[in-house]
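Visitor: The structure is given below, and queries will be raised subsequently.
Residue numbers (this note's numbering): 4 to 155.
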């Protein structure tokens, strides 16, 4: 199938009427939906919004609807909750700063998960103790692996 002037004119008309690419392909016959989309793109026909709704769009619409339907009653200001303090030391993700050790302590799925929180060592993300664990020289690791292999 080739795109004759008559078929291009019909494509422009159907596209302008808001028909979908699948509908246009069916009406024209002998072309696929993708062929219609490609030709429309090459002809620089107006773009269309995607018929697929993203979750973000649905959530935004829900918020807008909720705001529009809410009565303009007085809003009580609720103070923000302070970040929970750790009894066992360390820092939560909420109070972790750039100059604190970011070594994770525990399982991230556990309620008591936290970060070390001690002062970071130099320009590293960890304190001196955790930096020594994280940044081992290659030779030291190789020696440890050899020792383990020799014992086995």
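C-beta: ideal position from N, C-alpha, C; glycine also.
These figures come from a predicted structure and were not determined experimentally.
#1: Over what stretch of residues does the alpha helix (DSSP H) that includes residue 12 continue unbroken?
#2: Which of the three DSSP states is assigned to residue 122 in this structure?
#3: Can you tell which of 113, 109, 20, 120 has its C-alpha closest to the C-alpha of residue 97?
#4: Based on the DSSP secondary-structure assignment, which residues constitute the bridge partners of residue 107?
#5: If we count the other Cβ atoms within 10 Å of its Cβ and call it buried at 16 or more, is residue 14 buried or exposed?
#6: Buried or exposed: residue 46, going by 16 or more other Cβ atoms within 10 Å of its Cβ?
#7: Spatial neighbours of residue 108 within its chain, please: CB distance less than 8 Å, with the 5 preceding and 5 following residues excluded, ordered by chain position.
#8: What does the alpha-carbon distance come out to for the pair residue 138 and residue 25?
#9: Looking only at its own chain, which residues have a Cβ that is under 7 Å from the Cβ of residue 123, when we skip the five neighbours before and after it?
#10: One question on the structure: do residue 18 and residue 27 come within less than 8 Å of each other, judged by their Cβ atoms?
#11: Would you decide whether residue 11 is buried or exposed? Buried here means 16 or more other CB atoms lie within 10 Å of its CB.
#12: Excluding the five sequence neighbours on either side, which residues of its own chain have a C-beta within less than 7 Å of the C-beta of residue 127, listed in chain order?
Guide: In short, the structure shows the following:
#1: Unbroken alpha helix (DSSP H) run through residue 12: 8-19.
#2: Here DSSP, grouped into helix, strand and coil, assigns residue 122 to strand.
#3: With respect to the C-alpha of residue 97, the residue from 113, 109, 20, 120 having the closest C-alpha is 120.
#4: As DSSP reads the structure, residue 107 sits in a beta bridge with 118.
#5: Residue environment analysis places residue 14 among the buried positions, since at least 16 neighbouring C-beta atoms fall within 10 angstroms of its C-beta.
#6: Residue 46 comes out exposed.
#7: Excluding its 5 nearest sequence neighbours in each direction, residue 108 has C-beta neighbours in its own chain below 8 Å: 93, 116, 117, 118, 119, listed in chain order.
#8: Computed Cα separation, rounded: 58 Å.
#9: Hits under 7 Å: 102, 103, 104, 129, 130.
#10: Contact annotation: residue 18 and residue 27 have beta-carbon atoms nearer than 8 Å.
#11: Label assigned to residue 11: exposed.
#12: Once the five neighbours on either side are set aside, the close Cβ partners of residue 127 are 134.
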